[in-house]
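K.L.:
This is the structure I have questions about; it appears just below.
Chains as they are written, first to last, in my numbering: chain A, 63 to 286; chain B, 104 to 478; chain C, 4 to 188; chain D, 51 to 415.
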C-alpha cells in the first residue's frame with residue numbers, strides 16, 4: 063500500500079521521465095529481502111523504467127513533443143509558486159526586522175542562553191559562596207573564581223568571593239555551570255547584543271563592586 | 104579510470120589539469136579541499152584533502168571528564184547535535200547501567216527526529232542551491248527556523264545544544280511543548296507540496312539528478328557508507344531498526360530504501376525520511392509520558408573499566424561512539440565513527456567520468472558535514 | 004530580553020581634525036559619502052568553517068534577512084568582497100589559507116570574528132592541539148561577536164557595529180610611506 | 051497621436067538651435083555626442099533600476115523584503131554599492147596578462163553599448179536609423195563573448211578559464227536559435243530596420259498578429275537571450291556553486307563592477323530587442339480589427355505615452371528573466387548544449403518554415 067502511495071505521489075509530481083541507459087542496466091539489481099517493514103522505492107523505479115521502455119517503442123517524435131510539453135509544464139509549476147510568493151509577499155513574508163523590533167516583537171525565547179549572570183538583589187547581595195563547582199564543571203575554563211579569606215566579626219576565617227571572572231569570549235553556553243551550582247547563584251540571561259571592538263572587553267567581572275554574600279534566611283524568616 | 108581505453112595516436116588528446124576546489128568554496132559546505140583532475144569539463148580523478156577543520160575532539164575527550172566531553176560532540180556534526188549528544192549519553196548510560204525515565208526517552212526521540220527534520224530541510228535547500236536554484240534554500244530555512252524556535256524555547260540553544268545528558272535531558276521541556284510541536288508538524292506538512300512543486304517535479308532538477316552519481320550496492324557496502332547514501336543504494340542499514348535504542352523498537356516507522364543508486368534516489372530517500380520523522384514524532388506526542396525528566400546521577404561519572412560501543416542513526420548515517428574506560432572519570436580513549444567520513448569515500452566512485460557540475464550535485468546529495476569528517 | 008538603550012557600542016574613532024584642531028569641510032564630506040557607501044554595501048565572502056556558518060546561513064534566510072541592509076551579495080571570490088565573517092573554528096592548517104584569503108581581498112577590507120571559536124578558540128581553547136586561539140592571531144579583526152554560535156540577530160548586531168566603526172573612521176588616511184619590514188609571502 | 055509632446059519636436063528644436071550657433075558639420079558632431087550621452091545616461095539609470103529591481107524581486111520571491119534600510123524602501127542601496135565599488139582598490143593579479151586583463155571589461159562594455167545604436171527609443175528617436183538595424187545588433191551581440199573570453203584567459207585562473215570557455219560554447223550556439231527567431235519576426239515585418247519593424251506593428255503586435263509561429267519565436271528568443279546574457283538557469287559562465295565567480299573571479303573593484311553593469315546592459319538590450327520585434331517597441335497596444343469599438347480602444351491606447359510603452363515592455367521582459375533566475379536550477383553544460391542543438395534549433399527551424407508558409411499565404415492578420 064505504501065509503495066502505491068509513493069508511486070502515485072511521484073506520478074503527481076511528474077516523475078515519469080527519462081531514464082539513462084545506465085539506470086536501465088542497474089535495474090537488474092533485484093530488491094533483496096530486507097524485512098517486511100522497508101519501503102521499496104525501487105519498485106517504483108522499476109515500474110517507471112518499464113513504462114519508459116514501452117514509450118521508447120512508440121513513435122519517438124511523439125516522445126519528443128511530450129517531453130517538451132512536460133518540461134514546460136513542470137517549469138511553469140515552479141514559476142507559479144514563485145509568482146504567488148511575489149504577489150502575496152505581504153502575506154507570506156516572514157522577516158523579523160531585527161533592529162526595528164528590538165522593543166516589540168523580537169522572538170528571543172526566555173530560555174535562550176545568551177550570557178551567564180550573577181544576579182544581585184537590591185542590597186547588592188549575591189548567592190555565590192565561591193565553592194568553585196561551576197569552575198570545575200566548565201569544560202573550557204571560561205569561569206575563574208577568585209576568592210579571598212576574610213575574618214568575620216566573631217573571629218572565624220571565612221572564604222568569600224572576591225572576583226567572579228567570566229570569559230564570554232570562550233563561553234559556549236553549555237549550561238553545565240548552572241547545572242552544577244548548588245546555590246542557584248548564577249543564571250543564563252537571554253541577551254545577545256554583545257558585539258565589541260576589542261576582545262579584552264569580553265572578559266567580565268560578574269560580581270558588582272562591594273557586593274557580598276546573601277545571608278541564608280533563618281528558619282524564622284523563612285516562615286514569615 | 105582503469106576502464107578507459109587508451110587513446111590512439113590519431114585521436115584528439117586534451118591536456119588534463121588539476122583544479123583545487125576548496126578549502127574555501129561555496130559548494131564544499133565548509134573547508135573540505137578536493138583536488139580534481141579535469142579533462143575539460145570531465146572529472147578524471149578526485150582526491151579529497153582532509154584536516155582543515157581537524158580540532159582534535161577525540162584527543163580532547165581524553166583529558167575531560169565524561170560529562171564535559173559530551174558537549175564537544177555537538178560541534179562534530181552540528182546539524183545533528185542532539186543525536187550526537189544522544190549517542191554519547193547512551194554509551195555512558197549503558198556502561199553505568201542506568202535506566203532513564205520514559206519522559207526523557209520520549210523527549211530525546213522527539214528532539215532527535217526534529218533534528219533530523221532540520222538537517223534534511225537544510226540539506227534540501229543547500230542541495231537545490233548547489234544545483235543552482237536559490238529560492239528553495241529560503242523555503243527550507245523557513246521551515247527549519249520554526250523547528251529551531253522550539254529548540255530555542257526548550258533547550259536554550261539554536262544549533263549546538265547540550266541538552267541530552269547522561270541520565271536524561273538537561274532541563275524539562277516547557278509545558279506548551281506538545282501543543283507547539285503539533286502545530287509545527289501541521290505547518291510543515293502543509294508546506295511539503297511546495298517542495299515538490301518547486302524542485303521535485305522540476306524538469307531541470309530531475310535531469311541533473313537522475314542517473315547521475317551511480318553508487319552500486321556493493322560499492323556502498325565496501326565503502327562503509329551509511330544513512331541515506333547507503334539506503335539509496337539498496338542497503339538496509341537503519342540503526343533505528345536494526346539496533347533500536349531508547350524506545351525506537353516500540354514505534355511504527357519504515358526504513359526508507361531505494362534501489363535507484365543515483366542522486367535522484369538519494370533525494371527521494373531524504374524526502375521520504377522527513378515524512379517518516381514526522382510520523383514518529385506524531386506517535387510520541389499522542390501519549391506523551393509524564394514524570395521525571397532526568398535520573399539523578401553522581402556529579403562525577405566514573406565508568407567501570409572496559410570497552411563500550413553505542414551506535415545511533417544521525418541525519419547522515421551511523422554514528423558510533425567507542426569508549427575505552429580505565430575506571431577513572433576520564434576516558435582512556437574515545438573514538439567516533441562518524442557517518443560523513445565514510446560517506447566521503449562515495450564522492451570519488453560517483454563522480455569520476457562525469458562533469459564538474461555533477462561533482463557538486465553528488466557532494467550535496469551525499470550530504471557531507473566537514474567538521475564531522477575531520478572531528 | 005532587556006533592551007539596552009545604546010545597543011551599538013560607541014566606537015572611539017579619530018576626530019577629523021588637523022594639528023591645529025580645525026576640521027576641513029571638504030574632507031569630512033568626502034569621508035561621509037565614502038563611508039556611507041562602504042558601510043551600506045558590505046559584501047561578505049562566503050566563508051564558513053563550521054557551526055557558525057549555519058547561523059550565517061540563517062541570517063541570510065528569510066526570517067532574519069540581512070539583505071535589508073544590502074549585505075546579501077555574498078561573493079565566493081575574495082577579490083570582490085569587503086568583509087570576511089570568520090564563522091567557525093580556524094585550525095593551524097586553515098590559518099594560512101585564511102591569511103591568504105585576507106591578502107587577496109582588495110582594500111578597504113574588514114573582518115568579523117563570529118562565535119567563540121573565532122574570537123578565542125571557544126570550546127577548543129582549553130586543550131586542543133590543533134586550534135588557533137582566536138582569529139586575531141592570524142588577521143586583524145574589527146568586530147568580535149561572542150556566542151556559540153551567536154544567534155542571527157547577534158550577527159546583524161555585529162554587522163551594525165561594524166557599520167558604526169566604518170562611519171566613524173577616516174576614508175582616506177594619507178600617511179608618509181614608512182619603511183617596514185615586510186614578509187613576502 | 052494627439053497633443054503629446056513628441057520626441058521628434060524636441061530633437062528638431064535642438065537641431066535648429068545648434069544650427070543657429072554652429073556649422074552643419076559641428077552640429078552633426080555635437081548631435082552625435084549628445085545622442086550617445088543621452089542613451090548612455092538613460093541606460094545607466096535603467097541599470098540602476100534593474101539592479102534594485104533584481105534584489106527586490108529576489109527578495110519577494112524568497113519571502114523576504116530585500117533592501118529596505120538604505121533610504122526609503124532601500125532605493126539608495128545601489129548607489130551605495132556603486133560608490134563602494136568606485137572607491138575599492140582594483141588590481142591585476144601577479145601572473146595575469148595585464149593588458150588583456152585590463153582591456154577585457156572595457157571591451158565587453160563597449161560591445162554591448164554598440165548594440166544600442168540602431169535601437170528605436172521613441173518615434174523619431176533613433177541614434178542610427180539604418181535599414182539593417184537588426185542585422186547590426188545580431189552581429190554585435192555575438193561579439194560580446196570576446197570580452198568574456200579575454201577576461202577568462204588573461205586572469206590566469208582555472209575557474210575563470212573554464213567559465214570563459216563555457217560562455218564561449220554557450221553564446222556561439224545560442225546565437226543560432228536567437229537569430230532564427232529574429233528572422234521569423236523580420237520575415238513577418240518584411241524589413242530589417244528597427245523603425246520599420248515597429249511601424250509594421252501599428253495595427254497590432256506581431257505576437258498577436260503572427261499567430262503561433264510568432265509566439266513560439268518569442269519564447270525561443272527569450273530563452274536564447276537569457277542564455278546569451280549568462281543569466282540563470284544558463285549562468286554557467288559564473289556558476290557560483292561550481293566556479294566561485296566564473297570568468298570574473300579575479301576582478302576586483304570597478305572592473306568587476308563593469309562586468310556586473312555589462313550583464314544588466316545586455317539584459318536591457320536583449321529585452322529591448324525582444325519588445326521591438328514581437329511586442330511593438332514603443333508602439334501602443336492596438337487591435338487589428340475594423341470595428342468602431344476597437345477603433346475607440348486603439349485611440350484610448352494612444353493616450354499612454356510611447357516612452358511608457360517602451361519601458362513597460364522592456365521591464366516586463368526583464369522581470370521574466372529575473373523570474374526565471376530565482377526559480378530554476380542551473381543546467382549542466384552538456385544539457386545546455388543539448389537543449390540548444392536538439393530542441394531549440396530544430397523547433398526554431400520548423401517554426402521559421404511554418405512562419406514562411408503563413409507569410410506566403412498572407413494568413414497573418
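Using N, Cα and C, we set each Cβ at its ideal position, and we do this for glycine too. Please read all numbers here as calculations on a predicted model, not as lab measurements.
Expressed to the nearest angstrom, what Euclidean distance is found between the alpha-carbon atoms of residue 175 (chain A) and residue 393 (chain B)?
P.N.:
26 angstroms
K.L.:
Pairing CB atoms from the segment 458-469 of chain B with CB atoms from the segment 227-244 of chain A, are three or more of them under 8 angstroms?
P.N.:
no
K.L.:
For residue 358 (chain D), count neighbouring C-beta atoms within 10 Å of its own C-beta (all shown protein chains included) and say buried if the count is 16 or more, exposed if not.
P.N.:
exposed
K.L.:
Near residue 461 (chain B), what residues of its chain come up, given a Cβ to Cβ distance below 7 angstroms and the 5 sequence neighbours on each side ignored?
P.N.:
315, 316 and 454
K.L.:
What's the C-alpha gap between residue 176 (chain B) and residue 187 (chain B)?
P.N.:
6 angstroms
K.L.:
Going along chain D in order, which residues have a C-beta closer than 9 angstroms to the C-beta of residue 461 (chain B)?
P.N.:
382
K.L.:
Are the beta-carbon atoms belonging to residue 332 (chain B) and residue 369 (chain B) less than 8 angstroms from one another?
P.N.:
Between residue 332 (chain B) and residue 369 (chain B), the gap from beta carbon to beta carbon is short of 8 angstroms.
K.L.:
Measuring CA to CA, which of D:91, D:150 and D:136 is closest to residue 204 (chain D)?
P.N.:
D:150
K.L.:
Compare the C-alpha of residue 255 (chain D) against each of D:336, D:290, D:296 and D:117 and name the closest.
P.N.:
D:336
K.L.:
Does the separation of the CB atoms of residue 380 (chain B) and residue 216 (chain B) fall below 8 angstroms?
P.N.:
Going by C-beta atoms, residue 380 (chain B) is nearer than 8 angstroms to residue 216 (chain B).
K.L.:
Taking Cβ-Cβ distances shorter than 7 angstroms, what residues in chain C pair up with residue 119 (chain D)?
P.N.:
71 and 72
K.L.:
Just by C-beta distance, which residues in the segment 91-113 of chain C are closer than 7 angstroms to chain B?
P.N.:
Taking 7 angstroms as the upper bound on Cβ-Cβ separation, chain B lies near residues 92, 94, 96, 97, 100 and 104 of the segment 91-113 of chain C.
K.L.:
Given a cut-off of 8 angstroms on the beta-carbon distance, is the pair residue 458 (chain B) and residue 145 (chain B) in contact?
P.N.:
yes
K.L.:
Let me know the secondary structure DSSP gives residue 66 (chain A) once reduced to three states.
P.N.:
Residue placement at residue 66 (chain A) is flagged as unreliable, the pLDDT there being 44, under the threshold of 50; a coordinate-derived value is accordingly withheld.
K.L.:
Report yes or no: do three or more beta-carbon pairs, one from the segment 167-175 of chain D and one from the segment 131-150 of chain D, lie closer than 8 angstroms?
P.N.:
The segment 131-150 of chain D and the segment 167-175 of chain D do not touch, with fewer than three beta-carbon pairs separated by less than 8 angstroms.
K.L.:
If you draw a straight line from the C-alpha of residue 314 (chain D) to the C-alpha of residue 376 (chain D), how long is it?
P.N.:
16 angstroms
K.L.:
Taking buried to mean at least 16 other C-beta atoms within 10 Å of its own C-beta, is residue 165 (chain A) buried or exposed?
P.N.:
exposed
K.L.:
With a cut-off of 8 angstroms, does the C-beta of residue 156 (chain B) fall near any C-beta of chain C?
P.N.:
At least one CB atom of chain C sits nearer than 8 angstroms to the CB of residue 156 (chain B).
K.L.:
Indicate the three-state DSSP secondary structure (helix, strand or coil) for residue 233 (chain D) in the structure shown.
P.N.:
It is helical.
K.L.:
Please report whether the beta-carbon of residue 295 (chain D) lies at a distance below 8 angstroms from any beta-carbon of chain C.
P.N.:
yes
K.L.:
Along chain B, which residues have their Cβ under 7 angstroms away from the Cβ of residue 113 (chain D)?
P.N.:
Within 7 angstroms Cβ-Cβ: 241 and 245.
K.L.:
State the start and end residues of the unbroken beta strand (DSSP E) segment that holds residue 298 (chain B).
P.N.:
From DSSP, residue 298 (chain B) is part of no beta strand (DSSP E) but of the alpha helix (DSSP H) over 280-298.
K.L.:
I want to verify the contact list: residues of chain D whose CB lies under 8 angstroms from the CB of residue 154 (chain A), in sequence order.
P.N.:
113
K.L.:
Taking 8 angstroms as the cut-off, does the segment 183-190 of chain D touch the segment 214-221 of chain D (at least 3 CB pairs, one atom from each stretch)?
P.N.:
Contact fails between the segment 214-221 of chain D and the segment 183-190 of chain D, because fewer than three Cβ pairs, one in each stretch, are under 8 angstroms apart.
K.L.:
If contacts are defined as beta-carbon pairs under 8 angstroms, then residue 439 (chain B) and residue 424 (chain B) qualify, I think. What distance do you get, rounded to the angstrom?
P.N.:
Confirmed, Cβ separation roughly 6 angstroms.
K.L.:
Anything in the segment 253-285 of chain D with a Cβ closer than 7 angstroms to a Cβ of chain B? List those residues in chain order, please.
P.N.:
282 and 283
K.L.:
Terminal residues of the continuous beta strand (DSSP E) containing residue 67 (chain C)?
P.N.:
Neither: residue 67 (chain C) is in no beta strand (DSSP E) and is coded neither H nor E.
K.L.:
Taking residue 134 (chain B) as the query, report the chain C residues whose CB atoms sit under 7 angstroms from its CB, ordered along the chain.
P.N.:
52 and 97
K.L.:
Looking at the unbroken alpha helix (DSSP H) that takes in residue 178 (chain D), where does it start and where does it end?
P.N.:
No alpha helix (DSSP H) contains residue 178 (chain D), which DSSP labels as neither H nor E.
K.L.:
How many Å lie between residue 137 (chain B) and residue 157 (chain B) at the Cα?
P.N.:
16 angstroms
K.L.:
Span of the beta strand (DSSP E) holding residue 171 (chain D)?
P.N.:
170-172 is the extent of the beta strand (DSSP E) around residue 171 (chain D).
K.L.:
Does the CB of residue 107 (chain D) have a neighbour CB from chain A at under 8 angstroms?
P.N.:
yes
K.L.:
Determine which residues share a DSSP beta bridge with residue 258 (chain A) and list them.
P.N.:
The partner list for residue 258 (chain A) (beta bridge, DSSP) reads C:147.
K.L.:
So which of C:42, C:155, C:169 and C:48 has the shortest CA-CA distance to residue 89 (chain C)?
P.N.:
A check of alpha carbon separations from residue 89 (chain C) across C:42, C:155, C:169 and C:48 identifies C:48 as the nearest.
K.L.:
Taking the Cβ atom as the reference point for each residue, do residue 267 (chain A) and residue 210 (chain A) lie within a distance shorter than 8 angstroms?
P.N.:
no
K.L.:
Is the Cβ of residue 377 (chain D) closer than 8 angstroms to any Cβ of chain G?
P.N.:
In the structure shown, chain G does not exist; the protein chains are A, B, C and D.
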